[in-house]
Amino acid sequence: MSHPVNMEARRAKQIQIMKGCFDCYAKNGLAGVGIKAVSEACGCNVASIYQYFDNLDDLIIKSTQYCMTEVEDDFIARIQAEPDDLWQFIEELPYWTAGEHGSKYRLMYQVYTHPKYREHGQKFFEEIDERYTEYARGLEEKTGIPCEKLTGLIFILIRACVHYALFEDDFYLKSQIEVIKETLTLFIEKYGNSKEEVKEER
1445 MSHPVNMEAR RAKQIQIMKG CFDCYAKNGL AGVGIKAVSE ACGCNVASIY QYFDNLDDLI
1505 IKSTQYCMTE VEDDFIARIQ AEPDDLWQFI EELPYWTAGE HGSKYRLMYQ VYTHPKYREH
1565 GQKFFEEIDE RYTEYARGLE EKTGIPCEKL TGLIFILIRA CVHYALFEDD FYLKSQIEVI
1625 KETLTLFIEK YGNSKEEVKE ER
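Just so you know, the numbering used here puts the end of the sequence shown at 1646, numbered straight through with nothing missing.
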């Protein structure tokens, strides 16, 4: 039976390697980067990597899942904040996302659209869908807007943020943001809360 301290040390080393691997690919792209370059970025030799991961595919899959979960945690924490001006927050969120995590989102799409890794991407996004749906349920209690309506708006906002992080397409972004703001205004009017009440309740 492994000692708990050894298990903690092993996990810490795995995390170090996963972060190093993900940063390496985010900087250089998925194609043309081999295990040697990854090991150098992780600060260890190739043999050490194979002590913690089955092969390079295993490392890519696990590092993407781990690091993108961290990114999503950061994103969710951001949208759970309580901005003084909700509309300004919605407008600024995509630019913050691109600045903080743009290269990571670009790598994620390289990985999860690859035929070898697509199945893992589907699983990852199923878990993300559940998290944002749960967040929408909490907002329903605060705003009076039904969860299923909020969930759709949240996903449109996320898509706008990620698309901008990938391509920095201002036209697409601004058109999506305007739709979100106008739709949210209609929902507020329909379900009884004013814009000021929504800001206060957030």
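Every residue, glycine too, gets a C-beta built ideally from N, C-alpha and C.
This structure is a prediction, so every number in the text was calculated from the model and none was measured.
Ignore the nearest five residues each way along the sequence and tell me which others in residue i's own chain have a CB closer than 8 Å to its CB.
{"i": "Ala1470", "result": "Ser1547, Lys1548, Arg1550 and Leu1551"}
May I have the straight-line CA-CA distance separating residue i from residue j, to the nearest angstrom?
{"i": "Phe1615", "j": "Tyr1561", "result": "31 Å"}
{"i": "Ala1481", "j": "His1607", "result": "29 Å"}
{"i": "Glu1612", "j": "Gly1543", "result": "10 Å"}
{"i": "Ala1491", "j": "Leu1594", "result": "48 Å"}
{"i": "Glu1526", "j": "Thr1577", "result": "19 Å"}
{"i": "Ser1638", "j": "Pro1590", "result": "Here the model assigns Ser1638 a pLDDT of 46, short of 50, so the residue's position is not dependable, and the following value carries that caveat. Whole-angstrom Cα-Cα distance: 15 Å."}
{"i": "Val1477", "j": "Lys1634", "result": "53 Å"}
{"i": "Lys1625", "j": "Asn1450", "result": "51 Å"}
Which same chain residues, not among the five before or five after residue i, have their C-beta less than 6 Å away from its C-beta?
{"i": "Thr1541", "result": "Cys1605 and Ala1609"}
{"i": "Gln1648", "result": "Only positions 1445 to 1646 of the chain appear in the structure, and residue 1648 is not among them; the question remains open."}
{"i": "Gly1464", "result": "Ala1485 and Cys1486"}
Going by beta carbon distance, what residues of the same chain come within less than 7 Å of residue i, once the five residues before and after it are set aside?
{"i": "Val1642", "result": "Summary for Val1642: the model assigns pLDDT 47, below 50, so the residue's position carries little reliability, and this model does not support an answer."}
{"i": "Thr1627", "result": "Leu1597"}
{"i": "Ile1505", "result": "Tyr1561 and His1564"}
Does the beta-carbon of residue i, which I'm using as the reference point, lie nearer than 7 Å to any heavy atom of the ligand COA?
{"i": "Glu1563", "result": "This structure lacks the ligand COA, and indeed carries no ligand of any kind."}
Is there a Cβ of chain B sitting closer than 8 Å to that of residue i, yes or no?
{"i": "Ile1493", "result": "Among the protein chains of the structure shown there is no chain B, as only one such chain exists."}
Taking residue i and residue j to be in contact with their CB atoms under 8 Å, please state how far apart those CB atoms are, rounded to whole angstroms.
{"i": "Ala1485", "j": "Cys1468", "result": "4 Å"}
Just list the alpha helix (DSSP H) runs in the region 1538-1567, keeping only unbroken ones of 4 residues or longer that don't cross its boundaries, in chain order.
-> At a cut-off of 4 residues, not a single continuous stretch assigned as alpha helix (DSSP H) sits fully inside the region 1538-1567.
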